[in-house]
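What follows is a single structure, written as structure tokens, with notes after it.
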Amino acid sequence: MPKDKTHWILASEIGNRLRDEQLKKLISNNYASFLVGAIAYDIPFFGRGKYSHTLTEKASELHGVKTCDVWEPIIKLLQSYVMFKTADDSVIAFVLGCITHIIIDSQFHPFIYFFTGYYDVDSNKRNHAIVKHREIEAHLDLYYLEKTGYTGPVSAKVIVEQLHRPTLITNLALLYFGNRGIKEVAMTQNCLNNYIKYQGLFSNYFIKCLVSIVGLANDEMKKISALFYPKSIAPTYRQLFDNTEWYQHPSSGKVIEESLKTIYENCIEVMVSTICQFSSCKTIEDYLNVIRKFPAVSLETGSECARPSLMRYFS
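Residue -18 is where the sequence shown starts when you use the numbering used here, and the numbers rise one by one after that.
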């Protein structure tokens, strides 16, 4: 995370900034695949039932919590299509969406964690950090919707309905597990179905109020409540987003003189320059050769590529 709307808003900027007409056309013609890719790394967080633990672990792995091999799932996905030499454009659009997710998280998360804290082993501190993290990201969605005037898709259900569901499940399973076995497909369907269901509920303010009331006496419900959108941007968050000019990297302690606006623009610049590296790619191997040269990064700590558990510097 950030939440899905922030990912989609930022990813949508690529169409305006890319100069390569072939890549622009590929994304435009397969826009739903691109948008699903842009939030694909977060979908396993929504696994429920008997698959919940496995999928949560998978989501953490995708985000580089233990290692910085965040490009490896994309490489394995593309390797599954090597026999076809030239990949279907929808697969490439999906992969490009995944790449935007990695860049956006790695650019934004150090800023977010500095103000929310990390998920400490102490349960009270952990719960507090989780709630703050979810609140700041929900407010960030509203903030960017307001600031950018974004009018693109905001419903996962609507986006997914534009795609061939079995093909989407296959690509997600290949991304998450490197194969499309019966169990892997079942787990993928589980988290995708739950993601679509919950994403539709998070804008329901009435349900948020009910969950918030229960959350007064229950930490788990308090964490769930924080996933819902507020009715409007709270003044404390608006001030944070408008006025912050610097923060410390939560792992290294390095002072970074960046406003949220600067992070936003830098993020777009990195996404565009990264995707432009595919401008001459024709085959799957071409795409793989480019991706294999990408630097290691963590979706949690960014280019510092440090274990999130090493975070020590918070506001």
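We put the CB at the ideal spot given by N, CA and C, even for glycine.
Classification of residue i by the beta-carbon crowding that lies within 10 angstroms, buried from 16 upward
i, result
"Ser206", "buried"
"Gly181", "exposed"
"Ser279", "buried"
"Cys49", "buried"
"Arg273", "exposed"
"Pro289", "buried"
"Trp(-11)", "buried"
"Trp52", "buried"
"Tyr186", "exposed"
"Arg29", "exposed"
"Lys138", "exposed"
"Ser260", "exposed"
"Lys178", "exposed"
"Gly162", "exposed"
"Glu226", "exposed"
Alpha-carbon to alpha-carbon, residue j and residue i
i, j, result
"Leu195", "Ile8", "The sequence as given places Val at residue 195; Leu does not occur at that position. If I take the Cα positions, the gap works out to 43 Å."
"Ser233", "Thr67", "42 Å"
"Met64", "Leu269", "13 Å"
"Asn103", "Arg0", "Sequence inspection shows Asp at residue 103; the Asn mentioned does not correspond to that position. Going by the C-alpha atoms only, they are around 49 Å apart."
"Lys39", "Gly159", "12 Å"
"Asn171", "Glu2", "37 Å"
"Lys6", "Tyr125", "25 Å"
"Ile117", "Pro216", "12 Å"
"Tyr32", "Asp23", "15 Å"
"Val251", "Ala198", "43 Å"
"Asn224", "Ile244", "13 Å"
"Leu43", "Ser213", "32 Å"
"Thr169", "Lys47", "22 Å"
"Thr81", "Ile249", "9 Å"
"Glu238", "Arg107", "27 Å"
"Phe89", "Leu241", "9 Å"
"Glu127", "Ile20", "21 Å"
"Gln229", "Val236", "4 Å"
"Leu173", "Leu58", "18 Å"
"Phe275", "Asn175", "32 Å"
"Leu300", "Asn105", "The question about residue 300 has no answer here: the residues shown for the chain are numbered -18 through 296."
"Lys113", "Ile73", "35 Å"
"His34", "Lys164", "14 Å"
"Pro147", "Asp267", "26 Å"
"Ile56", "Cys190", "43 Å"
DSSP bridge partner residues for residue i (one or two, in chain order)
i, result
"Tyr228", "Ile237"
"Gly283", "Ser279"
"Asp69", "DSSP lists no partner for Asp69."
"Asp50", "Val278"
Cβ shell of residue i (< 7 Å), same chain only, five flanking positions each side left out
i, result
"Val166", "Ile150 and Ala154"
"Ile13", "The displayed chain sequence assigns Ala, not Ile, to residue 13. Cβ neighbours of Ala13 beyond the five flanking positions: Ile140, Gln143 and Leu144."
"Gly133", "Trp(-11) and Ser(-7)"
"Val253", "Ile(-5), Arg(-2) and Leu(-1)"
"Ala110", "Thr97, Gly98, Tyr99, Tyr100 and Asp101"
"Phe26", "Thr37 and Ala40"
Span of the alpha helix (DSSP H) around residue i
i, result
"Phe15", "Tyr12 to Ile20"
"Phe158", "Arg146 to Phe158"
"Asp103", "First-last for Asp103: undefined, no H or E at that position."
"Lys178", "Ile163 to Leu182"
"Lys189", "Tyr186 to Gly196"
"Gly45", "Taken as a continuous stretch (DSSP letters only), Gly45 belongs to no alpha helix (DSSP H), as it is neither H nor E."
"Leu(-9)", "Asp(-15) to Arg(-2)"
"Ser206", "Asp200 to Ser206"
"Asp267", "Ile265 to Ile272"
"Val135", "No alpha helix (DSSP H) holds Val135; DSSP gives it neither H nor E."
Residues near residue i in its chain [Cβ-Cβ closer than 6 Å; skip 5 each side]
i, result
"Ser184", "Tyr210"
"Gly18", "Phe75, Gly78 and Cys79"
"Ser87", "Val278, Leu280 and Gly283"
"Asp122", "Lys(-16), Lys(-14) and Thr(-13)"
"Thr129", "Ile(-10)"
"Asn152", "Phe75"
"His120", "Ile214 and Tyr218"
"Arg115", "Ala207 and Leu208"
"Ala287", "Ser232"
"Ile84", "Val251 and Met252"
"Gln258", "Val271"
Cβ neighbours of residue i in the same chain (closer than 8 Å, five flanking residues each side left out)
i, result
"Pro231", "Pro91, Tyr94, Phe95, Tyr99, Thr282, Met292, Arg293, Tyr294 and Phe295"
"Asp70", "Leu7, Asn10 and Asn11"
"Ser136", "Gln180 and Gly181"
"Ile188", "Leu182 and Phe209"
"Asn247", "Gln88 and Glu239"
Cβ-heavy atom distance, residue i to the ligand ATP, below 6 Å
i, result
"Leu291", "The model depicted lacks the ligand ATP and carries no ligand whatsoever."
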